[in-house]
Ligand SMILES: NC(=O)c1ccc[n+]([C@@H]2O[C@H](COP(=O)([O-])OP(=O)(O)OC[C@H]3O[C@@H](n4cnc5c(N)ncnc54)[C@H](OP(=O)(O)O)[C@@H]3O)[C@@H](O)[C@H]2O)c1
């Protein structure tokens, strides 16, 4: 299926690792150009070198911006830098972020606030600054990556539950707002995807719960109906479809990418 992404320009926050890096790779393979964002310059440049080494990728097809999406000034600058480097903006993937474990008793306000600024206000500012550029194409895409805690409230992830459900509300309300401009706002909800972030989770399990890495890997695999952890490419494929011309009647929707794990119907 031709996704119709050739010649388009995508900005991917958190594009230096895991799901974001796989998404940038997928866009390039479809003939798009990408700007990737992350805070760690070394990791960002390493990711850019990986992307530029792809088949049929020219050095100028990839731009980088070192910045923090929780900083409104950085968000404004990253959108401007992407447009300056690559000439236009068609697709934005708001993916940057990390895990937020902890209970009501253990989670401190500063950590919760930083997470909120990254996941909710970061996406908000990204949409604000991207909108004028997306409107120019009259066919923009704004895709938010939302962890599944937003749909499944639980005591040991209370901070992520609250933040991620706010992301869902943002996506749905924003999709109404931008629909008249044919800017389609959607979400992808990953769970159990093997990335550097979930490696950290396994190490916590080993350190604090005494679970071997092998036991955790097989345990997670057993819980997932498809019998394996997902790969970043599994999420990237869903994002590429939502970004594509083939998804032109999908607005405000969200896709679970979790191998069938979660039990919710709606
Ligand atoms: N993997 C899963 O199963 C899973 C499940 C639920 C949700 N998610 C969500 O999916 C997204 C991607 O996760 P991943 O698994 O691919 O993790 P990852 O491999 O750790 O990648 C996270 C990326 O986000 C960047 N980042 C983090 N905070 C940032 C900030 N404030 N400003 C700019 N960049 C920032 C990181 O770079 P720097 O650290 O250098 O900034 C990195 O590029 C995250 O939002 C995560 O919460 C993943």
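Numbering (our numbering), first residue to last: 5 to 270.
From the three backbone atoms N, C-alpha and C, an ideal C-beta is built for every residue, glycine too.
In this structure, ligand 1 has a non-hydrogen atom nearer than 7 Å to the beta-carbon of residue 152. Taking 3 residues as the minimum length, the beta strand (DSSP E) runs contained wholly in the region 50-89 are 66-70, in order along the chain. Residue environment: residue 269 is assigned as exposed (fewer than 16 neighbouring CB atoms within 10 Å of its CB, all protein chains considered).
In its chain, beyond the 5 residues on either side, 98 and 148 have a beta carbon closer than 6 Å to the beta carbon of residue 127.
142 is the residue among 16, 142 and 78 whose C-alpha sits nearest the C-alpha of residue 252. Between the alpha carbons of residue 27 and residue 112 lies a distance of about 32 Å. At a threshold of 7 Å, residue 162 does not count as near ligand 1, since its beta carbon sits no closer than that to any of the ligand's heavy atoms. Taken through DSSP and simplified to helix, strand or coil, residue 93 comes out as coil.
CA-CA distance, residue 121 to residue 58, rounds to 33 Å. Note that the region 66-74 touches the region 42-50; at least 3 beta-carbon pairs, one per stretch, sit closer than 8 Å.
Secondary structure of residue 159 (DSSP, three-state): coil.
With distances taken between CA atoms, residue 239 lies nearest to 196 out of 196, 266, 255 and 249. Residue 22 and residue 109 have their C-alpha atoms some 30 Å from each other.
DSSP links residue 194 through a beta bridge to 261.
Exposed is the label assigned to residue 62, since fewer than 16 other Cβ atoms lie within 10 Å of its Cβ. Taken atom to atom, the span from the alpha-carbon of residue 166 to that of residue 102 is near 15 Å.
Of all alpha-carbon atoms in 249, 248 and 235, the one lying nearest the alpha-carbon of residue 261 is that of 235. Beta-bridge pairing by DSSP links residue 234 to 197. The C-beta distance from residue 79 to residue 130 rounds to 5 Å, short enough to meet the 8 Å contact threshold. Residue 34 and residue 159 have their C-alpha atoms roughly 41 Å apart. Nearest C-alpha to residue 229 among 247, 11 and 265: 265.
Sequence-distant partners of residue 36 (beyond 5 residues in either direction) whose C-beta falls short of 6 Å from its own C-beta, in its chain, are 9, 12 and 14. When secondary structure is reduced to three states using DSSP, residue 31 falls in the helix class.
By the criterion of a C-beta distance shorter than 7 Å, residue 52 is surrounded in its chain by 40, 66 and 68, once the five residues flanking it on both sides are discounted. For residue 100, the distance from the CB to the nearest heavy atom of ligand 1 is below 7 Å.
With a cut-off of 7 Å, the C-beta of residue 43 is classified as near ligand 1, since at least one heavy atom of the ligand falls inside that distance.
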